[in-house]
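Asks: The listed protein sequences derive, respectively, from chains A and B.
Just so you know, this note's numbering puts 166 at position 168 of the first sequence, and the rest follows in order with no gaps.
Just so you know, this note's numbering puts 78 at position 80 of the second sequence, and the rest follows in order with no gaps.
A virtual CB, placed ideally from N, CA and C, is assigned to each residue, including glycine.
2 protein chains.
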Amino acid sequence: MRILLDVMGGDLPSRELVKGGIIAGRRHGLNILFVGDQKTIQEALSEHNEREGDRFSILPASQTVGMDEPPVQAVRGKRDSSLIKGLIALREGEADAFVSPGNTGAVVVGSIFTLGRIAGITRPGILASIPTVSGREILVIDVGANVDCAPKHLVHFALMGASYARDVLEIPHPKIGLLNIGTEKSKGNKLNYRAFEILESSPLPFAGNIEAHHLLTGRPVDVVVCDGFVGNVFIKALEEGSAVVTGLIKGSIQKSFRGKLGGLLLRPMLTSLRERISSRRLGGAPLLGVNGVVVIAHGRSDAEAIEGAIIVASRAADADLNKQLERGISGWSKNGG
Amino acid sequence: MRILLDVMGGDLPSRELVKGGIIAGRRHGLNILFVGDQKTIQEALSEHNEREGDRFSILPASQTVGMDEPPVQAVRGKRDSSLIKGLIALREGEADAFVSPGNTGAVVVGSIFTLGRIAGITRPGILASIPTVSGREILVIDVGANVDCAPKHLVHFALMGASYARDVLEIPHPKIGLLNIGTEKSKGNKLNYRAFEILESSPLPFAGNIEAHHLLTGRPVDVVVCDGFVGNVFIKALEEGSAVVTGLIKGSIQKSFRGKLGGLLLRPMLTSLRERISSRRLGGAPLLGVNGVVVIAHGRSDAEAIEGAIIVASRAADADLNKQLERGISGWSKNGG
Chain A
-1 MRILLDVMGG DLPSRELVKG GIIAGRRHGL NILFVGDQKT IQEALSEHNE REGDRFSILP
59 ASQTVGMDEP PVQAVRGKRD SSLIKGLIAL REGEADAFVS PGNTGAVVVG SIFTLGRIAG
119 ITRPGILASI PTVSGREILV IDVGANVDCA PKHLVHFALM GASYARDVLE IPHPKIGLLN
179 IGTEKSKGNK LNYRAFEILE SSPLPFAGNI EAHHLLTGRP VDVVVCDGFV GNVFIKALEE
239 GSAVVTGLIK GSIQKSFRGK LGGLLLRPML TSLRERISSR RLGGAPLLGV NGVVVIAHGR
299 SDAEAIEGAI IVASRAADAD LNKQLERGIS GWSKNGG
Chain B
-1 MRILLDVMGG DLPSRELVKG GIIAGRRHGL NILFVGDQKT IQEALSEHNE REGDRFSILP
59 ASQTVGMDEP PVQAVRGKRD SSLIKGLIAL REGEADAFVS PGNTGAVVVG SIFTLGRIAG
119 ITRPGILASI PTVSGREILV IDVGANVDCA PKHLVHFALM GASYARDVLE IPHPKIGLLN
179 IGTEKSKGNK LNYRAFEILE SSPLPFAGNI EAHHLLTGRP VDVVVCDGFV GNVFIKALEE
239 GSAVVTGLIK GSIQKSFRGK LGGLLLRPML TSLRERISSR RLGGAPLLGV NGVVVIAHGR
299 SDAEAIEGAI IVASRAADAD LNKQLERGIS GWSKNGG
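1. Measuring CA to CA, which of Ile304(A), Leu202(A), Glu50(A), Arg0(A) is closest to Gly382(A)?
2. Would you list, in chain order, the members of the region 168 to 201 of chain A that have their beta-carbon closer than 9 angstroms to a beta-carbon of chain B?
3. Leaving aside the five residues before and after Glu92(A) along the sequence, list all residues of the same chain whose C-beta is less than 6 angstroms from its C-beta, in chain order.
4. Excluding five sequence neighbours on each side, which residues of the same chain lie with their C-beta closer than 6 angstroms to the C-beta of Arg192(A)?
5. Closest by CA to Val310(A), which one among Asp94(A), Met65(A), Thr62(A), Lys76(A)?
6. With contact counted as at least three CB pairs below 8 angstroms, one residue from each stretch, are the region 111 to 130 of chain B and the region 212 to 226 of chain B in contact?
7. Do His296(A) and Gly287(A) have their C-beta atoms within less than 9 angstroms of each other?
8. Which residues mark the beginning and the end of the alpha helix (DSSP H) in which Ile247(B) is found?
9. Taking all protein chains shown into account, decide if Asn47(A) is buried (16 or more other Cβ within 10 angstroms of its Cβ) or exposed.
10. Quick one: grab the DSSP three-state call for Gly34(A).
11. Could you check whether Lys183(A) and Glu198(A) sit closer than 9 angstroms to each other, using their CB atoms as the reference points?
12. In whole angstroms, give me the CA-to-CA distance for Gly261(A) and Ser240(A).
13. For Gly84(A), is the classification buried or exposed, using 16 other Cβ atoms within 10 angstroms of its Cβ as the cut-off for buried?
14. The beta strand (DSSP E) that contains Asn178(B), what's its start and end?
15. Specify the secondary structure class of Ile343(B) as computed by DSSP and reduced to three states.
16. Could you work out which residues of chain B lie near His211(A), taking near to mean beta carbons separated by less than 8 angstroms?
17. Quick one: which unbroken beta strand (DSSP E) runs of 3-plus residues sit fully inside the region 114 to 164 of chain B? Chain order, please.
18. From which residue to which residue does the alpha helix (DSSP H) around Ser60(A) run?
19. Round the Cβ separation of Ile136(A) and Asn230(B) to the nearest angstrom and send it over; I've been treating them as touching at under 8 angstroms.
20. On the CB-based measure, 16 or more other CB atoms within 10 Å of its CB, does Arg265(B) come out buried or exposed?
21. Considering only residues of the same chain and omitting the five flanking positions on each side of Gly290(B), which have a CB-CB separation below 6 angstroms?
22. Run through the DSSP bridge pairs and tell me what Asn29(A) is partnered with.
23. Quick check on Asp140(B): buried or exposed, where buried means 16 or more other Cβ atoms within 10 Å of its Cβ?
24. For Arg298(B), count neighbouring C-beta atoms within 10 Å of its own C-beta (all shown protein chains included) and say buried if the count is 16 or more, exposed if not.
25. Would you tell me roughly how many angstroms separate the C-alpha atoms of Thr120(B) and Val106(B), rounded to the nearest one?
26. Indicate whether at least one CB of chain B lies closer than 9 angstroms to the CB of Ile251(A).
27. Under 7 angstroms between beta-carbons, which chain B residues line up against Pro68(A)? List them in chain order, please.
28. If you draw a straight line from the alpha carbon of Gly142(B) to that of Arg24(B), how long is it in whole angstroms?
29. Which residue marks the beginning of the beta strand (DSSP E) containing Asn207(A), and which one marks its end?
30. Kindly identify the DSSP beta-bridge partner or partners of Phe111(A).
31. In the structure shown, what three-state DSSP assignment does Ile20(A) receive?
32. Any C-beta of chain B sitting closer than 9 angstroms to the C-beta of Leu10(A)?
33. Indicate the three-state DSSP secondary structure (helix, strand or coil) for Arg278(A) in the structure shown.
34. Give the residues from the region 132 to 162 of chain A that approach chain B closer than 8 angstroms (Cβ to any Cβ), ordered along the chain.
35. When the Cα atoms are used, what is the spatial distance from Glu195(A) to Lys17(A)?
36. Would you say the beta carbon of Leu137(A) is closer than 8 angstroms to some non-hydrogen atom of the ligand NAD?
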């Protein structure tokens, strides 16, 4: 298996991202095709005593899509960017999956333009995987690809989320919930009410409305469906809520001898906790609904996060993500899956 | 000062809510007018060695608005409910403020129908106050009164939030941020983009877009403006993010001797942390934009939370909330305040 890695668009320098690719390649027996500035990649490879070959190869690209560039403009204008060259190589079958820590909007638009969408899906969605208290992950779709959704888009997210949960993660009967501000059908905005009506009468395993404050402690469903604006605020607020508590704990621990001693005893636990909820562990979020395996890594991704995103990508490619999604979607649409 | 307290609509029994009113009355020298079943209130008063008089008085009401009742229907149909009788008493000047832990939608609709709106505001908004790492609160409006907002409604929330921050909380130059999924003007959905354009050219102290994951750790602004659906998901996700971390810590502490010892040493700190971020401390959220001081307490409010909500209400009444809001809104609208 060969994974394309965009080493240009992230917040961290290319050599940090190349390092992540090298670690992933070595540890998991994957071939990595780095897309970006050839010289920088070659230098990073030799720093780690590696050189171009079958395991680590290079696809040169001279342009970078910046984090704040308007997506459509960037995709149209920068044909020699690591993003577009990588996506074209994916389309041409030079690799099995594409990982980018770049401008999310540009990755979404570039993927739609370059790869096209799978049958039945008008808007691809980004699926995030969040660790819960029980240890099992909960999936959230969409977390930022679409910010002005119609009800049918939420239904498509539900279809793709259900199929991903069942066919890629092998959860036999995944439950779908609609993120809302109350559990009754009448609660929430017009978008949610209409999506509820459609989902309710669909063959999907729909469990109704769910609220943000029970998701990680109770894990009432396997897949959470929402508009991309709401989903993005949701995951960032979760991150912020946990950052506040860990920050306050750290502050209090340093304040007294008693606190310092207690903190010292609890250090291994706090460290493992931090690792468990860190965005690094999350790795990357697949963009579902385009013709190809595309995984979006966090813009702040370091080598460890890139390794995580590459694992997500290789698993999705292993499971033959897009065939499974198409099969799942048409199955649920036709006969109730 | 006299505060009306609805003791019928909450999740907890009336006598728990009466207890909260008694504590608030005693500790803060307030008169409490309890609205609800007369006999139950009388019994709860005598349990605490109190009786009807000037300090604690009763406004009998025979009906209860349930948590899941459709708001408009409940408000129209239940004229003898504690909610409607309380709001009418507020309108008639029998008290200075009204506190209810009941059905949020019904409180909003009932307040608009009974009290009317203040000049210049088409949609009232609920303002929540969230503790941050620095200790200073950050205000969020709207957290659930309106779920399908137009750009002008967000602008009204900004006006009311700014005025509340300046004129009630006495923050001299409150900064306003728009909750979005990126900081650039072009980010987010249509609603936010249009609201950004209006706010940008308004005399309000507008600081631009802000993201959910820096709000409590960085506190970049004093007031966060958002649609009520997004705001409600936002505060519930913050709560959930912190609940996950405290839950995982508790779990880990109990697992080993070392953890137990560390936990014991850190117990006072963990307790004060829990108190600091608990929804009890938040007390109540004022409904801004109606003609009268209305404070919505959490449905799960116990006596302590009710005391907190009553304090919020008495401060708002003390500051002459509505006059200040009207003055602030017309000032900013006319001359740049």
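Replies: On the basis of the coordinates in this document:
1. Nothing about residue 382(A) can be reported from this structure: the residues present for chain A run from -1 to 335 only.
2. Those would be Leu177, Asn178, Ile179, Gly180, Thr181, Glu182, Ser184, Lys185, Gly186, Asn187, Lys188, Leu189, Asn190, in chain order.
3. Once the five neighbours on either side are set aside, Glu92(A) has no close Cβ partner at all.
4. Here the set comprises Pro149.
5. If we check each option's Cα against that of Val310(A), Asp94(A) comes out closest.
6. They touch, by the three-pair rule.
7. It is not a contact, given that the beta carbons lie outside the stated cut-off.
8. Its alpha helix (DSSP H) spans residues 226 to 251.
9. Looking at its Cβ environment, which holds fewer than 16 other Cβ atoms inside 10 Å, Asn47(A) is exposed.
10. Strand, per DSSP.
11. Taking C-beta atoms as the reference points, Glu198(A) and Lys183(A) count as a pair closer than 9 angstroms.
12. For Gly261(A) and Ser240(A), the distance between alpha carbons rounds to 18 angstroms.
13. A residue is called buried once 16 or more other Cβ atoms fall within 10 Å of its Cβ, and Gly84(A) is buried on that count.
14. It spans 174 to 178 - the beta strand (DSSP E) in which Asn178(B) sits, taken as one unbroken run.
15. Residue 343(B) lies beyond the range of chain B shown here (-1 to 335); nothing can be said about it.
16. Here the neighbours are Lys234, Ala235, Glu237, Glu238, Ala241.
17. Runs found: 123 to 129, 135 to 139.
18. Per DSSP, Ser60(A) is not a residue of any alpha helix (DSSP H), being assigned neither H nor E.
19. Actually they do not touch by this definition, with Cβ atoms about 19 angstroms apart.
20. In summary, Arg265(B) is exposed, with fewer than 16 beta-carbon neighbours lying within 10 Å of its beta-carbon over all protein chains present.
21. Contacts found: Leu88, Leu113.
22. Answer is Arg0(A).
23. By the 10 Å Cβ count, Asp140(B) comes out buried.
24. So Arg298(B) counts as exposed.
25. Their backbone Cα atoms lie some 13 angstroms apart in a straight line.
26. The beta carbon of Ile251(A) sits closer than 9 angstroms to some beta carbon of chain B.
27. Simply Ser184.
28. Annotation: Gly142(B) to Arg24(B) spans about 32 angstroms, alpha carbon to alpha carbon.
29. Here the beta strand (DSSP E) through Asn207(A) covers 204 to 209.
30. Its beta-bridge partners do not exist; DSSP assigns none.
31. Reduced to three states, the DSSP call for Ile20(A) is helix.
32. By this cut-off, Leu10(A) is not an interface position.
33. Since pLDDT at Arg278(A) reaches only 49, below the 50 mark, its modelled position is unreliable, and no value is offered.
34. Taking 8 angstroms as the Cβ-Cβ cut-off against chain B, the residues of the region 132 to 162 of chain A that qualify are Gly142, Val145, Asp146.
35. Separation of Glu195(A) and Lys17(A) (C-alpha to C-alpha, rounded to the nearest whole angstrom) is 48 angstroms.
36. Absent from the structure shown: the ligand NAD. Ligands present: none.
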